[in-house]
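*Asks:* All residue numbers for the sequence shown refer to our numbering, where the first residue is -6 and numbers rise by one. All residues carry an ideal CB built from backbone N, CA and C; glycine is no exception. Quantities reported herein were computed from a predicted structural model and do not represent experimental measurements. For reference, the structure I am asking about is given below.
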Amino acid sequence: MAPEHVLVPLDGSPLADEALVHALETFDCRLTVLNVVAPLDSAMSEGGILEPGEERREEATARADRLVERAERRAADVDRTVETAVETGDPAETILDYAAANDVDQIVMGGHGGDRNELARRLLGTVATAVVDEAPVTVTVVR
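Following this line, the structure appears as structure tokens:
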């Protein structure tokens, strides 16, 4: 059965961009792009290394806005529209929560590569692995 609502999490990586292209080419349905801003004091953000502050928070939000605006332009280039969302939280948990709260029935996301002999979590990346493991819907990982 074809999905009715596809979620594409974007993190600014080339594989996330490829996931968006794949979703636009493959699915003729409602499409939402989501950028998750990790809290600046979490280990998933550079805030785990650098001192968090209001300026850094504003930079992270501006970057997220640029990512979703770029996705809107990409969709427009192929005569499509996308819904956009920017959320703050742990990336994997936020993706899963967003999907559950918004009737998403397919997730298309980029995976982050590693050595071919590494475990699956290293091949896909920790966020993609968590989403694949926990999502109650189909997840397509673009590599």
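Note the first and the last residue of the continuous alpha helix (DSSP H) segment covering Ala92.
*Replies:* Note, Ala92: alpha helix (DSSP H), 84 to 94.
*Asks:* Under 8 Å, do Val29 and Pro2 count as touching if we go by C-beta distance?
*Replies:* yes
*Asks:* Taking DSSP as the reference, what is the three-state secondary structure of Glu(-3)?
*Replies:* coil
*Asks:* Applying the 10 Å Cβ sphere with the 16-neighbour rule, what's the burial state of Asp72?
*Replies:* exposed
*Asks:* Name the DSSP bridge partner or partners of Val144?
*Replies:* With the chain covering only -6 through 136, there is no way to say anything about residue 144.
*Asks:* Is it true that the CB of Thr77 sits closer than 8 Å to the CB of Ala64?
*Replies:* yes
*Asks:* Can you find the residues in the same chain that come closer than 6 Å, C-beta to C-beta, to Gly213, ignoring five residues on each side of it along the sequence?
*Replies:* Outside the modelled stretch of the chain, which goes from -6 to 136, sits residue 213, for which no answer is possible.
*Asks:* List the DSSP bridge partners of Val132.
*Replies:* Ile100
*Asks:* Using a threshold of 8 Å, state whether the C-beta atoms of Ala123 and Val134 are closer than that.
*Replies:* no
*Asks:* So Ile100 and Ala92 are supposed to be a Cβ contact under 8 Å. How far apart are they, rounded?
*Replies:* About 6 Å separates the CB atoms of Ile100 and Ala92; that is less than 8 Å, so the two are in contact.
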